[in-house]
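Visitor:
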Amino acid sequence: MGMRAAIVVGATGLTGTSLVEQLCENDEYVSVTVIARRAPAYSHPKLEVKIRNFDTLEEKDIEFAHELYCCLGTTIKKAGSREEFEKVDFEYPLTIASLAKKRGIPHMLVITAMGANESSPFYYNRVKGKLEHDLMELGLQRLSIIRPSLLVGEREEFRLGEKAGEKVLKLVKPLLVGPLKRSRAIEASQVAKAMIVIALYGNKQPVTIYQSQELAKLDFLEKQDGDVSREQLFNWDKRRLSGSSDEGDKVNREVVINRDKYKIEETVVDKEVKFRRREDK
Numbered sequence: 001m002g003m004r005a006a007i008v009v010g011a012t013g014l015t016g017t018s019l020v021e022q023l024c025e026n027d028e029y030v031s032v033t034v035i036a037r038r039a040p041a042y043s044h045p046k047l048e049v050k051i052r053n054f055d056t057l058e059e060k061d062i063e064f065a066h067e068l069y070c071c072l073g074t075t076i077k078k079a080g081s082r083e084e085f086e087k088v089d090f091e092y093p094l095t096i097a098s099l100a101k102k103r104g105i106p107h108m109l110v111i112t113a114m115g116a117n118e119s120s121p122f123y124y125n126r127v128k129g130k131l132e133h134d135l136m137e138l139g140l141q142r143l144s145i146i147r148p149s150l151l152v153g154e155r156e157e158f159r160l161g162e163k164a165g166e167k168v169l170k171l172v173k174p175l176l177v178g179p180l181k182r183s184r185a186i187e188a189s190q191v192a193k194a195m196i197v198i199a200l201y202g203n204k205q206p207v208t209i210y211q212s213q214e215l216a217k218l219d220f221l222e223k224q225d226g227d228v229s230r231e232q233l234f235n236w237d238k239r240r241l242s243g244s245s246d247e248g249d250k251v252n253r254e255v256v257i258n259r260d261k262y263k264i265e266e267t268v269v270d271k272e273v274k275f276r277r278r279e280d281k
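Each step along the sequence shown adds one to the number in the UniProt record's numbering, with nothing skipped, and position 86 is 86.
(1) Around the C-beta of SER81, are 16 or more other C-beta atoms found within 10 angstroms, so that it is buried, or is it exposed?
(2) Can you tell me whether CYS24 is helix, strand or coil according to DSSP?
(3) According to DSSP, simplified to helix, strand and coil, what is residue 294?
(4) Buried or exposed: ASN53, going by 16 or more other Cβ atoms within 10 Å of its Cβ?
(5) Does the count of Cβ pairs from the stretch 41-53 and the stretch 213-222 closer than 8 angstroms reach three?
(6) Which residues in the same chain as LEU135 place their Cβ atom closer than 8 angstroms to its Cβ, once the five residues preceding and following it in sequence are excluded?
(7) With DSSP as the reference, label THR15 as helix, strand or coil.
(8) Of all the options GLU118, TYR123, THR12, which has the alpha carbon lying nearest to the alpha carbon of GLY129?
(9) In the DSSP assignment, what are the bridge partners of TYR123?
(10) Could you compute how far the alpha carbon of VAL88 sits from the alpha carbon of ALA199?
(11) Where do the N-terminal and C-terminal ends of the alpha helix (DSSP H) with residue 282 fall, by residue?
(12) Is ILE62 helix, strand or coil when you go by DSSP?
(13) Any idea if PRO148 is buried or exposed, counting beta-carbon neighbours within 10 angstroms, 16 or more meaning buried?
(14) State buried or exposed for GLN190, treating a residue as buried only when at least 16 other CB atoms are found within 10 Å of its CB.
(15) Quick check on LYS217: does DSSP put it in helix, strand or coil?
(16) Could you tell me whether the Cβ atoms of GLY115 and CYS71 are closer together than 8 angstroms?
(17) Relative to the C-alpha of ASN125, which residue among LEU23, ARG4, THR74, THR33 is closest?
(18) For MET1, name the three-state secondary structure that DSSP assigns.
(19) List the endpoints of the continuous beta strand (DSSP E) containing LYS50.
(20) Would you say LEU57 and CYS24 are within 8 angstroms of each other, going by their C-beta atoms?
(21) Find out if the Cβ-Cβ distance for the pair VAL30, ALA11 is shorter than 8 angstroms.
(22) Cutting at 6 angstroms between CB atoms, please list the residues of its own chain near SER18, excluding the five before and the five after it.
(23) Is the closest heavy atom of the ligand PLP to the C-beta of ILE209 under 7 angstroms?
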């Protein structure tokens with residue numbers, strides 16, 4: 001049994017809902033705090049829910065935790081305007097990150113989007129790119145940027161565009177090979193699981209970007225004795241990047257930022273580091 005504490009914002013959305021459930025069921029966590037504008041339907045002895053107005057969040061609303069998971073996100077249609085969309089997808093995450101830094105929370109994991117880029121011709125991706133940039137400028141101890149492709153799963157609300165996109169991607173999935181693998185739709189529950197794997201065993205660099213094709217492969221190992229290498233944990237023994245002929249296994253490098261300045265790592269390969277897996281209880 002671990003002694004970790006987590007904070008989740010965006011816990012009532014597709015990925016956030018699954019994330020909260022998985023965190024509560026994970027033996028490494030003894031406390032999961034949700035900060036939300038409305039209470040989630042899920043309940044658990046480990047779970048504490050704080051109903052807050054995100055427009056007036058203060059430092060006292062953010063307690064110390066080992067990880068801050070940010071799954072905030074909406075659509076322009078649901079938000080009602082670009083201004084309200086930016087408030088949810090940009091202003092709130094940045095404000096919460098700033099408060100978390102003051103509280104000394106060592107690690108923030110934030111969901112943005114595949115193709116996030118300040119210079120993108122697409123408004124949605126520009127906002128996500130701006131968020132990534134400003135979070136990097138904030139100087140958090142550790143920042144993990146999660147870039148999924150189209151998320152699939154059962155949402156509370158119906159999103160016509162996403163449903164249509166989901167059907168199209170299912171039809172063309174066999175054609176999405178090589179570098180196109182990164183465009184495959186991904187289950188929200190898998191993204192949530194990948195975030196926990198990253199939190200517990202991922203790269204300790206100041207900034208790491210995880211692309212959708214990487215997220216799809218991250219998983220917990222079955223219980224075993226002895227040491228577990230990071231390469232085994234991330235299933236990379238089967239797809240060594242140095243000799244892979246599969247373009248989809250090569251890291252997407254479309255991020256238009258100064259990597260030296262932010263010390264960004266886009267792969268999590270460190271053969272010298274090993275982890276002792278806890279026995280299940």
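A virtual CB, placed ideally from N, CA and C, is assigned to each residue, including glycine.
Guide: According to the data block:
(1) Here residue 81 corresponds to residue number 81 of the sequence shown, with the count starting at 1. The residue in question, SER81, is exposed, as its Cβ has fewer than 16 Cβ neighbours within 10 Å.
(2) The residue given as residue 24 occupies position 24 in the sequence shown. Helix at CYS24.
(3) With the chain covering 1 to 281 only, the question about residue 294 has no answer from this structure.
(4) Walking along the sequence shown from the start, residue 53 turns up at place 53. ASN53 is exposed by the Cβ-count criterion.
(5) no
(6) Walking along the sequence shown from the start, residue 135 turns up at place 135. Contacts found: PRO93, LEU94, ALA97, MET108, VAL110, LEU143, ILE145.
(7) Taking the sequence shown and counting its residues from 1, one reaches residue 15 at position 15. Collapsing the DSSP output to three states places THR15 in a helix.
(8) In the sequence shown, residue 129 corresponds to position 129, counting from 1. The shortest C-alpha separation from GLY129 is found at GLU118.
(9) Along the sequence shown, one-based indexing puts residue 123 at 123. In the DSSP output, where bridge partners are listed per residue, TYR123 has none listed.
(10) Counted from its first residue, the sequence shown places residue 88 at position 88. Counted from its first residue, the sequence shown places residue 199 at position 199. Looking at the two C-alpha atoms, the distance is approximately 24 angstroms.
(11) This structure does not reach residue 282, given that the chain is present from 1 up to 281, and the question cannot be answered.
(12) The residue labelled residue 62 in the question sits at position 62 within the sequence shown. DSSP places ILE62 in coil when its eight states are reduced to three.
(13) The residue given as residue 148 occupies position 148 in the sequence shown. Counting Cβ neighbours within 10 Å, PRO148 comes out buried, since at least 16 surround it.
(14) Working through the sequence shown from its first residue, we reach residue 190 at position 190. Buried, since its Cβ has 16 or more Cβ neighbours within 10 Å.
(15) For the purposes of this step, residue 217 is identified with residue 217 of the sequence shown, where counting begins at 1. Of the three classes helix, strand and coil, the one that applies to LYS217 here is coil, per DSSP.
(16) Reading the sequence shown from its first residue, position 115 is the one you call residue 115. Reading the sequence shown from its first residue, position 71 is the one you call residue 71. No.
(17) Start at 1 with the first residue of the sequence shown, and residue 125 comes out as number 125. Considering only alpha carbons, the answer is THR74.
(18) Stepping through the sequence shown from its first residue, residue 1 is reached at position 1. Correct three-state label for MET1: coil.
(19) In the sequence shown, the residue the question calls residue 50 occupies position 50. Looking at the DSSP string, the run of the beta strand (DSSP E) that includes LYS50 is 47-51.
(20) Here the question's residue 57 lines up with position 57 in the sequence shown. Here the question's residue 24 lines up with position 24 in the sequence shown. Contact: no.
(21) Numbered from 1 along the sequence shown, position 30 holds the residue referred to as residue 30. Numbered from 1 along the sequence shown, position 11 holds the residue referred to as residue 11. No; because the gap between Cβ atoms is not below 8 angstroms, this pair is not in contact.
(22) The residue labelled residue 18 in the question sits at position 18 within the sequence shown. Here the set comprises ALA188, SER189, ALA192.
(23) With respect to the ligand PLP, the structure offers nothing, as it holds no ligand at all.
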